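Protein sequence lines, in the order shown, are assigned to chains A and B. Quick note: to get this note's numbering, add 30 to the position in the first sequence (first position is 1). Quick note: to get this note's numbering, add 1250 to the position in the second sequence (first position is 1). Following: one structure in structure tokens, then a few remarks.
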Amino acid sequence: MNLVRNHLLISIDAGTIMAGARAVEKALVEEIDRQGLSGEIAVLETGSIGVTGQGVVIVVYPEGLYYANVTPQDAHELVEEHLLKGRPVKRLMMTEMPKQHVIRKERTGLLKEQPRIVLRNSGIIDPENIDEYIAESGYEAIERAFTKLSPAGVIQEMKDSGLMGRGGAAFTTGMKWDFASKAPGDVKYIICNADEGEPGTFKDRLILEGDPHKLIEGMMIAGYAVGATKGFVYIRGEYALSIERLEKAIAQARQYGILGDNILESGFSFDVEVMKGAGAYVCGEETALIESLEGKRGHPRNKPPYPVTEGLWGKPTVVNNVETLANVPEIIRNGAAWYRGYGTDKCPGTKVYTIIGNVATPGLIEAEMGTTLRDIIYEYAGGIKDGKKFKGALVGGAAGAFMGPEMLDAQMDFVNLREYAAVLGSGAILVMDDSADIVGMLKSVLHFFKHESCGHCVPCRLGTSQLVKIIDKIADGKGKNGDIEKLVKVSEVMRDTSFCPLGQSPILPISSSLKFFKDEIFGRVTG
Amino acid sequence: MSQEKQCHCAEIQEEELYPRLEEVIKEHKGKGEDLIMVLHKAQNLFGYLPRKAQELVAEGLNVSLNEVYGVITFYNFFSTVPQGRNSVKICLGTACYVRGSQEVLDKAQKELGIKVGGTTEDRRYSLDVVRCIGACGLAPAMLVNDDVYGRVKSPHLLDIIEKYE
């Protein structure tokens, strides 16, 4: 075996590809070859390293040194200076980046770093190579499920872990599986919801791009637990790289006999198929997603019956989010008790966030449930950019809630935030400094809802149009007394009468913005 | 004159694509549940979904033309009108919006002389908006075909799109 002295990890995700990562990779390989170092230095592709907006990012091991904004023109200098002469190139070095560990504040106030769960392999392994996943204990969980746990044992373990769905609704995953396993019927399905459309959210994409096998393993375990033999990944059509990597991963797993008939001689058979969405936000709603999978317009269905009893083609179906399923192999491999060591009592585990906006180091992070917004912004993301003041954050995407400075010390988890009428939602955190315009933000959010309303039910179809009319008037400085009250009233009616969560959501950003920024918003209404 | 010739070529090309569409349809014959998948492939072939293609898909998959049309108009991805050679998409997601993407969009509409959803007369550009492409760190972001441009300022807009013929 050929031993190399340096590994160059280049982050290939949608963001870095946009910034020209492939060209940089090519230039590096050529330069290494030209300087006669190809036997000593390996260039490897990996998923997102969790840094966004900093161009092409590479990591040099064993030093663990990060370079950002690398261009093909830098290849010569990097190879000659760092790899040949051992002098790191200071001008390209990254000094600040989002935290790569799960951090916990001990009682002493000191920070303790812990390993990640969902993103454990992201930015470390080559996502296109099944061997690397296996080397990181991959597919050990399914083996443990087969040999040490019965399907009922898997469900019990999931219930004990307390894992809640990470798509936003926070339903207990073990319960969902239990319902589906007890539903009568021979044919059952597992669906992974990868139709990530919440503005500002791209965690599922980066999980998929960084560690696709983890998702496959999670789906297999779900299938084993409920008695399903077929899984579908419904994925956004725009996520070209995720689709490519996932399909590659499925092909490799089939080749290894990990997907297919009689897996590992267990008698259990399972296969996964990828289905591309076609650009409709409402398809993130599970019954709309199922309609779309059946080849129809993505209109939400009446509930009940819930998908766990009557889902795809009328069969019992489990619909889980990408992040939820990515937690599953870790829980089954390490046990529920281990998992409960993370997070809060009511809400165990970690949460993956995409933190964007006016912070020093935007990116992808994983934090324990219960971490405060303050720690997420100041410990993980380096604080507010350019030393400005924190004004507020929009948490959970468009269907999320604004939070003002009063909320900085609130513990962020699904259960606790409910008390503040806020939500964790998809885990998108858009941070605003004191120059941000709240009315402009609200306008963007309401336009989004109007654009994505599917037209199926009247309150949402007409309501979103009315909301846009009113907010446009206010934003243009033509708002009248009573307009803001109208905005609230319309969104309340929508909450009470809309068919699905899309129409029920605009009340959240509207009422929360008024809660924290009342004076600013009312100041825009001239009278 | 030359423009006429171009259109003619485009039509001929389109005609030549139908046998390939029929092959796709054959693989999914009678399977209405594969409709979206087939439409994806058809749009990849033609760049949009002409009426004739819709009819063939409806017949082949054994669904009504009405249903096919209903699905096409429901999803943003599908289009029933020919698109320009280059698609310009400006992100109006929340992160881009607060960093001024509306200004970029206004500029684009003015310079290209078309509204959102429109195509220039010479079919060089189509203009559209998207809602978050996950490039929030680069806000405001814009897509031209598959290339993403980050931190777009309206004065630089023309420099970017003029690179695309």
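Even for Gly, the Cβ is constructed at its ideal location relative to N, Cα and C. Just so we're clear, the structure is a prediction, and the values are computed from it rather than from any experiment.
Three or more C-beta pairs closer than 8 angstroms, one from the segment 252-259 of chain A and one from the segment 339-349 of chain A: is that the case here? yes
When we look at the beta-carbon of B/E1254 and count the other beta-carbons within 10 Å, is it buried (16 or more) or exposed? One-based indexing of the second sequence puts residue 1254 of chain B at position 4. Only weak support is given to the placement of B/E1254: the predicted model assigns it a pLDDT of 42, under 50, and the value that follows is read from those uncertain coordinates. B/E1254 comes out exposed.
Whose Cβ in chain A lies nearer than 7 angstroms to the Cβ of B/V1321? Here the question's residue 1321 of chain B lines up with position 71 in the second sequence. Ordered by position in chain A, the residues that pass the 7 angstroms Cβ test against B/V1321 are K326 and R327.
Using a cut-off of 7 angstroms between C-beta atoms, extract the partners of A/I386 located in chain B. Translated into the one-based positions of the first sequence, residue 386 of chain A becomes position 356. Result: A1345, C1386 and G1387.
Please return the same chain residues whose Cβ sits closer than 6 angstroms to the Cβ of A/G192, not counting the five positions on each side in sequence. Here residue 192 of chain A refers to the residue found at position 162 of the first sequence. These residues qualify, in order along the chain: P378.
Following the continuous alpha helix (DSSP H) through B/E1309, name the residue where it begins and the one where it ends. Position 59 of the second sequence, counted from the first residue, corresponds to residue 1309 of chain B. Element bounds for B/E1309: R1301 to L1311.
With 16 as the cutoff for other CB atoms within 10 Å, does A/S465 come out buried or exposed? Translated into the one-based positions of the first sequence, residue 465 of chain A becomes position 435. Exposed is the call here.
Alpha helix (DSSP H) segment containing A/R64, residue limits: In the first sequence, the residue the question calls residue 64 of chain A occupies position 34. Its alpha helix (DSSP H) spans residues A51 to R64.
Candidates A/K218, A/S167 and A/V445, of which the one nearest A/R196 by Cα: Position 166 of the first sequence, counted from the first residue, corresponds to residue 196 of chain A. Answer by Cα proximity: A/V445.
Alpha carbon to alpha carbon, how far is B/Q1256 from A/P489? To locate residue 1256 of chain B, count along the second sequence from 1; it is residue 6. To locate residue 489 of chain A, count along the first sequence from 1; it is residue 459. In this prediction, B/Q1256 scores a pLDDT of 46, lower than 50, which makes its location untrustworthy; no coordinate-derived value is stated.
Contacting positions in the segment 526-543 of chain A - beta carbon closer than 7 angstroms to chain B: none
In the DSSP assignment, what are the bridge partners of A/T380? Working through the first sequence from its first residue, we reach residue 380 of chain A at position 350. Its beta-bridge partners are A/E398.
Please list the residues of the segment 460-480 of chain A that have a C-beta atom closer than 9 angstroms to any C-beta atom in chain B, keeping them in chain order. L460, M462, A466, D467, G470, M471, K473, S474, V475, H477 and F478
Give every residue of the same chain whose Cβ lies closer than 6 angstroms to the Cβ of A/I280, excluding the five residues on either side of it in the sequence, and list them in chain order. Here residue 280 of chain A refers to the residue found at position 250 of the first sequence. Taken in chain order, the residues that qualify are V302.
Which whole-angstrom value describes the C-beta separation of A/L236 and A/L394, a residue pair presumed to lie in contact below a C-beta threshold of 8 angstroms? By one-based count along the first sequence, residue 236 of chain A stands at place 206. By one-based count along the first sequence, residue 394 of chain A stands at place 364. That pair is a contact at about 5 angstroms.
Please report the distance separating the alpha-carbon of B/E1283 from that of A/K326. Numbered from 1 along the second sequence, position 33 holds the residue referred to as residue 1283 of chain B. Numbered from 1 along the first sequence, position 296 holds the residue referred to as residue 326 of chain A. Whole-angstrom Cα-Cα distance: 8 angstroms.
Using the beta-carbon of each residue, which ones in chain A are nearer than 7 angstroms to B/D1284? Within the second sequence, the letter at position 34 stands for residue 1284 of chain B. Here the neighbours are G325.
Test item: CB-CB of A/A105 and A/E61 under 7 angstroms: Indexing the first sequence from 1 puts residue 105 of chain A at position 75. Indexing the first sequence from 1 puts residue 61 of chain A at position 31. Yes, these two residues count as a Cβ contact at 7 angstroms.
Reference A/V86, options A/L38, A/H243, A/E316 and A/I537, closest by Cα: Indexing the first sequence from 1 puts residue 86 of chain A at position 56. Residue A/L38 is the option with its Cα nearest to A/V86.
With distances taken from CA atoms, which of A/G387, A/I407, A/S528 and A/D463 is nearest B/C1386? Locating residue 1386 of chain B in the second sequence gives position 136, where the first residue counts as 1. Here the closest residue by C-alpha is A/G387.
Could you give the distance in angstroms between the alpha-carbon of A/I468 and the alpha-carbon of A/E449? For the purposes of this step, residue 468 of chain A is taken as residue 438 along the first sequence, with counting starting at 1. For the purposes of this step, residue 449 of chain A is taken as residue 419 along the first sequence, with counting starting at 1. Each residue's Cα considered, the two are about 23 angstroms apart.
Do A/P335 and A/A318 come within 7 angstroms of each other at the CB atom, strictly closer than that value? Position 288 of the first sequence, counted from the start, is the residue given in the question as residue 318 of chain A. Position 305 of the first sequence, counted from the start, is the residue given in the question as residue 335 of chain A. Not in contact: A/A318 and A/P335 (Cβ atoms no closer than 7 angstroms).
Helix, strand or coil: how does DSSP classify A/M437 here? On the first sequence, residue 437 of chain A is found 407 positions in, with the first residue counted as 1. In the structure shown, A/M437 sits in a helix (DSSP, three-state: H, G or I).
contact_flag[the segment 136-155 of chain A, the segment 92-104 of chain A] where n(CB pairs < 8 angstroms) is 3 or more: no
Between the Cα of A/T354 and those of A/K244, A/N364 and A/F300, spot the shortest distance and give me the residue it belongs to. Translated into positions along the first sequence, residue 354 of chain A becomes position 324. Here the closest residue by C-alpha is A/K244.
Burial state of B/E1273 (16 or more Cβ within 10 Å): As a working mapping, residue 1273 of chain B is identified with position 23 in the second sequence. Answer is exposed; the Cβ neighbour count stays below 16.
Taking Cβ positions, are A/G267 and A/G307 nearer each other than 7 angstroms? The residue given as residue 267 of chain A occupies position 237 in the first sequence. The residue given as residue 307 of chain A occupies position 277 in the first sequence. Contact flag set, yes.
When DSSP labels each residue in this structure, what does B/D1284 get in the three-state scheme? Here the question's residue 1284 of chain B lines up with position 34 in the second sequence. In this structure, B/D1284 counts as helix in the three-state DSSP scheme.
Note down, one range per segment and in chain order, each beta strand (DSSP E) of at least 3 residues found wholly within the segment 266-308 of chain A. 301-306
Among the residues of its own chain, which have a CB less than 7 angstroms from the CB of B/H1258, if the five just before and after it don't count? Here residue 1258 of chain B is taken as the residue at index 8 of the second sequence, counted from 1. Any reading at B/H1258 is ruled out, since the residue's pLDDT is 49, under 50, leaving its predicted position unreliable.
Looking at C-alpha atoms only, which residue of A/D549, A/P359, A/G183 and A/H131 is the closest neighbour of A/D208? Position 178 of the first sequence, counted from the start, is the residue given in the question as residue 208 of chain A. Minimum Cα distance to A/D208 is reached at A/G183.
How many angstroms separate the CA atom of A/K548 from the CA atom of B/Y1347? Locating residue 548 of chain A in the first sequence gives position 518, where the first residue counts as 1. Locating residue 1347 of chain B in the second sequence gives position 97, where the first residue counts as 1. Going from the Cα of A/K548 to the Cα of B/Y1347 covers about 21 angstroms.
Beta-ladder partner(s) of A/F262, from DSSP: Taking the first sequence and counting its residues from 1, one reaches residue 262 of chain A at position 232. Paired residues: A/I221 and A/E303.
Does chain A have any CB closer than 7 angstroms to the CB of B/N1395? Numbered from 1 along the second sequence, position 145 holds the residue referred to as residue 1395 of chain B. No, B/N1395 does not count as interfacial toward chain A.
Of the choices A/P145, A/Y96, A/P118 and A/V263, whose alpha-carbon is the least far from that of A/T125? Stepping through the first sequence from its first residue, residue 125 of chain A is reached at position 95. The shortest Cα separation from A/T125 among A/P145, A/Y96, A/P118 and A/V263 belongs to A/Y96.
is_contact[B/V1307, chain A] using C-beta, thresh 7 angstroms: Locating residue 1307 of chain B in the second sequence gives position 57, where the first residue counts as 1. Closer than 7 angstroms: no.
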